[in-house]
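Following: one structure in structure tokens, then a few remarks.
Numbering (the UniProt record's numbering), first residue to last: 1 to 543.
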């Protein structure tokens with residue numbers, strides 16, 4: 001693989017340098033035209049923006065694909081044009097019309113047209129993969145997408161929604177990675193025929209098999225190669241319509257261990273370490289050649305209890321679990337410097353976010369609740385855990401505290417793909433993980449934690465409530481009502497009420513909000529972490 005990779009390089013020097021960097025031994029100092037990041041990227045399953053729904057992939061997509069509109073980092077309550085030069089909303093609030101900037105090209109050299117935008121929406125909706133709901137929730141389906149998302153002419157794209165939502169909600173949905181614009185001409189050259197079935201009625205895969213590892217974008221960088229559990233390599237896109245990337249390439253090396261990342265950073269083998277634990281952050285602070293960057297993320301860490309498990313479905317058991325997490329101990333050890341205790345599903349900074357943490361570690365209270373549930377001696381249960389920190393440390397802490405109430409927890413470790421696949425199939429008992437916002441609107445988290453329109457195994461909308469088989473028709477209606485409320489103060493109150501109900505009754509034990517911290521070499525310029533993973537932009541970075 002390394003030999004083939006080197007032969008494909010533009011120049012012998014670049015090929016040798018990258019091959020050395022990707023081979024694990026720590027002796028290859030990063031080249032001056034290359035940014036090398038140590039990053040746990042084992043969660044990546046696919047590179048298709050119409051399918052990918054993992055945090056690491058979001059960062060890659062954010063740097064390699066363009067959108068109609070993108071979050072404005074100077075004011076995250078707004079979006080700004082990306083491919084769109086301007087847009088208007090009809091008086092009835094249903095039709096959004098976007099004018100594209102002229103003269104833009106994909107990395108392939110093909111022109112970017114409104115037909116590409118329309119095709120991108122069509123393929124995302126018809127593929128109907130995990131992130132498709134972000135567009136589908138606006139009244140878009142495979143049957144109507146050609147009518148609702150269409151090119152009026154080469155530079156005009158029209159998008160029609162089913163209800164008069166707050167425009168900020170619609171535009172924020174269109175800033176999600178699932179709305180990335182693909183090169184339709186290039187993708188169509190790689191479509192595979194599919195035999196229609198009851199589950200999939202289209203006669204082709206819209207290039208999904210190819211785009212799992214391929215690339216058809218127009219962003220500042222283009223995807224050169226992804227090797228599962230090894231590396232992602234990006235290369236500067238000289239056809240990018242904006243300011244060109246400062247560095248020739250970016251390499252994300254899959255490095256899961258914090259200590260390995262720190263040692264590689266100290267040696268100069270990598271420029272950025274992305275998954276550092278508190279002890280390694282302390283060591284970096286004492287090194288004159290290194291510094292750190294940080295940003296609060298709209299990401300919360302939680303454990304969830306599958307309601308298909310009869311013991312976990314008991315209300316008293318759900319409540320007991322919330323008293324069997326030693327929040328304070330985690331805050332002072334595992335989460336020190338990388339997160340703060342936050343027990344509500346809306347991260348701080350969102351409209352209506354509640355910053356109250358009512359639960360404390362209380363074994364006596366938990367035992368009382370377990371006795372009421374008819375389980376005074378506890379029970380056995382399993383937890384699926386993506387190996388790596390902080391999740392492994394959190395799981396081990398929870399295993400110990402659950403044991404004090406008689407609950408015997410078996411930890412089942414796995415990589416990101418294994419644990420996510422099992423979780424999405426509702427085959428877990430308990431899952432520990434994190435959830436990042438899909439767009440900057442409180443509905444993003446409210447919909448996934450407090451809404452489950454169809455609890456059947458065949459449901460199309462698969463929120464976290466669905467993944468845990470939590471059937472909540474009343475809360476689902478309240479979530480929908482909050483989405484349509486135009487008065488900001490009233491809408492904020494509705495989300496506060498939802499959060500309180502989730503705290504009291506849900507199968508979610510929300511533990512903390514992430515503070516993302518990266519260690520970096522001091523020779524880096526303009527490296528910044530954004531408020532979400534798809535806004536960790538690297539094209540402005542130089543050395």
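Positions of the beta carbon are idealized from the N, C-alpha and C atoms, including for glycine.
- Between the Cα of residue 151 and those of 372, 201, 385 and 184, spot the shortest distance and give me the residue it belongs to. Nearest of 372, 201, 385 and 184 to residue 151, Cα basis: 184.
- In the structure shown, what three-state DSSP assignment does residue 87 receive? Strand, per DSSP.
- Out of curiosity, what's the CA-to-CA distance linking residue 47 and residue 102? Between residue 47 and residue 102, the C-alpha separation is close to 28 Å.
- Go through its chain and collect everything with a Cβ distance to residue 532's Cβ below 7 Å, but skip five positions before and after it. Closer than 7 Å at the Cβ level, and outside the excluded window around residue 532, lie 297, 298, 436 and 437.
- Task: Tell me whether residue 534 sits in a helix, a strand or coil according to DSSP, three-state version.
- Result: It is helical.
- Message: Taking the beta carbon of residue 82 as the centre, do at least 16 other beta carbons fall within 10 Å, making it buried, or is it exposed?
- Response: Looking at its Cβ environment, which holds 16 or more other Cβ atoms inside 10 Å, residue 82 is buried.
- Query: Is the Cβ-Cβ distance between residue 100 and residue 157 less than 8 Å?
  - Reply: Contact: yes.
- Query: According to DSSP, is residue 24 helix, strand or coil?
  - Reply: Per-residue confidence for residue 24 stands at a pLDDT of 43, beneath the threshold of 50, marking its modelled position as unreliable; the derived number appears in the next sentence. Residue state, collapsed to three classes: coil.
- Query: Would the stretch 344-360 and the stretch 493-507 be scored as touching if the rule is three or more Cβ pairs under 8 Å?
  - Reply: Yes: at least three Cβ pairs fall under 8 Å.
- Message: Let's see if you can read the secondary structure: which residues bound the beta strand (DSSP E) around residue 314?
- Response: Note, residue 314: premise wrong, no beta strand (DSSP E); not H, not E.
- Message: Strictly by DSSP, which residues pair up with residue 190?
- Response: As computed with DSSP, residue 190 is found in no beta bridge at all.
- Query: By DSSP, does residue 98 sit in helix, in strand, or in coil?
  - Reply: Of the three classes helix, strand and coil, the one that applies to residue 98 here is strand, per DSSP.
- Task: Compute the distance between the beta-carbons of residue 49 and residue 178, then report whether it is under 8 Å.
- Result: In this structure, residue 178 lies closer than 8 Å to residue 49 by Cβ.
- Stretch-stretch touch, CB-based, cutoff 8 Å, three pairs: the stretch 216-229 with the stretch 54-64: Yes, the stretch 216-229 touches the stretch 54-64.
- Item | Residues near residue 33 by beta carbon distance below 6 Å, same chain, minus five either side | Cβ neighbours of residue 33 beyond the five flanking positions: 247 and 248.
- Query: DSSP on residue 515, reduced to helix/strand/coil?
  - Reply: Correct three-state label for residue 515: strand.
- Query: Measuring CA to CA, which of 471, 190, 452 and 356 is closest to residue 510?
  - Reply: Looking from the CA of residue 510, the closest CA among 471, 190, 452 and 356 belongs to 356.
- Item | Contact check, residue 232 vs residue 41, beta carbons under 8 Å | Contact: yes.
- Message: Going by beta-carbon coordinates alone, are residue 443 and residue 133 separated by less than 8 Å?
- Response: No; because the gap between Cβ atoms is not below 8 Å, this pair is not in contact.
- Item | Per-residue burial, residue 30 [other beta carbons within 10 Å of its own, 16 or more giving buried] | Here residue 30 is buried. Its C-beta has 16 or more other C-beta atoms within 10 Å.
- Item | Own chain partners of residue 280 with C-beta closer than 8 Å, once the 5 adjacent residues on each side are dropped | Closer than 8 Å at the Cβ level, and outside the excluded window around residue 280, lie 258, 259, 261, 262, 273 and 519.
- From the DSSP output, which residues share a beta bridge with residue 225? 233, per the DSSP bridge assignment.
- Task: Within the same chain, show all residues whose beta-carbon is closer than 8 Å to that of residue 542, passing over the 5 residues directly before and after it, in chain order.
- Result: Same-chain partners within the cutoff: 246, 247, 524, 525 and 526.
- Item | Cβ neighbour criterion (16 or more within 10 Å) applied to residue 90 | Residue environment for residue 90: exposed (fewer than 16 other C-beta atoms within 10 angstroms of its C-beta).
- Over what stretch of residues does the alpha helix (DSSP H) that includes residue 46 continue unbroken? Segment: none, residue 46 is in no alpha helix (DSSP H) and carries neither H nor E.
- residue 104 to residue 153 span [Cα, whole Å]: If you take the alpha carbons of residue 104 and residue 153, they lie about 15 Å apart.
- Message: Please give the ranges of any alpha helix (DSSP H) in the stretch 271-355, keeping only runs that are unbroken, at least 4 residues long and fully inside the region.
- Response: Counting only runs of 4 or more, we get 278-285, 315-322 and 327-332.
- Pair every Cβ in the stretch 420-437 with every Cβ in the stretch 464-484, then say whether three or more of these pairs are closer than 8 Å. The stretch 420-437, when compared against the stretch 464-484, does touch it at the 8 Å Cβ threshold.
- Task: Drop a sphere of 10 angstroms on the beta-carbon of residue 416, count the other beta-carbons inside from all chains shown, and report buried for 16 or more, exposed for fewer.
- Result: Taking all protein chains in view, the Cβ of residue 416 is crowded by 16 or more other Cβ atoms within 10 Å, so the residue is classified as buried.
- Is the shortest distance between the beta-carbon of residue 300 and the beta-carbons of chain D less than 8 Å? This model lacks chain D altogether; it includes just one protein chain.
- Run the CB neighbour count on residue 37, radius 10 Å, all protein chains shown included, and call it buried at 16 or more, exposed below. Residue 37 counts as buried, since no fewer than 16 other beta carbons sit within 10 angstroms of its beta carbon.
- Query: Leaving out the 5 sequence neighbours to the left and right, which residues in its chain are closer than 7 Å to residue 140 when beta-carbon positions are compared?
  - Reply: The residues are 125, 148 and 149.
- Message: So, under 8 Å CB-CB, residue 214 and residue 107 are touching, yes? Tell me the CB distance rounded to an integer number of Å.
- Response: Contact doesn't hold; Cβ gap of about 11 Å is too wide.
- Message: Just to confirm the assignment: which complete beta strand (DSSP E) runs, minimum length 3, are found wholly within the stretch 143-175?
- Response: Segments of the beta strand (DSSP E) lying fully in the stretch 143-175: 149-153 and 156-160.
- Message: If distances are taken between C-alpha atoms only, which option among 311, 193, 412 and 225 comes closest to residue 373?
- Response: Out of 311, 193, 412 and 225, 311 has the C-alpha closest to the C-alpha of residue 373.
- Query: How long is the line joining the alpha carbons of residue 528 and residue 537, rounded to whole angstroms?
  - Reply: In a straight line, the C-alpha of residue 528 is about 7 Å away from that of residue 537.
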